[in-house]
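Residue numbers (the working numbering): 583 to 717. From the three backbone atoms N, C-alpha and C, an ideal C-beta is built for every residue, glycine too. Read the structure below first, then the notes.
Take a look at the structure:
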């Protein structure tokens, strides 16, 4: 999935704001029985690869995420306005073999955007395969 900040403001050029919102991706209050596979925060949007759980509906998951993350960012930063633009873009991946390709694409976004010279230099991304590779 991909969704943008309100008015495409570069909210996530602040590392700590990005970390506050990243924590929401793994919060059971938000994700329920869904599983975050990979994500990258760009300054003005999020790329999120998620495996929906049996009880999950995509629209409900996005609504909870946007609501909880906006509340937490506003609380931390003293704001009170909307954080996200309405709507989102999603793409269904049916083949498990394509999940890693999608994750690679997602985490390489900062590199393609010219924000860093190496993916590892960008602090606001993660993928479950890193944990698996570590043992």
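- Fewer than three Cβ pairs drawn from the region 651 to 658 and the region 682 to 696 lie within less than 8 angstroms of each other, which leaves the two stretches out of contact.
- Residue 624 and residue 701 have their C-alpha atoms roughly 12 angstroms apart.
- When DSSP states are grouped into helix, strand and coil, residue 637 belongs to the coil group.
- Residue 707 sits away from residue 585, with the two beta carbons spaced by 8 angstroms or more.
- Looking at 711, 705 and 710, the one whose alpha-carbon comes closest to that of residue 598 is 705.
- Counting of Cβ neighbours within 10 angstroms places residue 608 among the exposed residues, the total staying below 16.
- Annotated three-state conformation of residue 687 is helix, per DSSP.
- Here residue 673 is exposed. Its C-beta has fewer than 16 other C-beta atoms within 10 Å.
- In the DSSP assignment, residue 599 falls within the alpha helix (DSSP H) that extends over 597 to 607.
- Here residue 656 has 662, 663 and 665 as same chain residues with Cβ atoms under 8 angstroms from its own Cβ, once five neighbours each way along the sequence are excluded.
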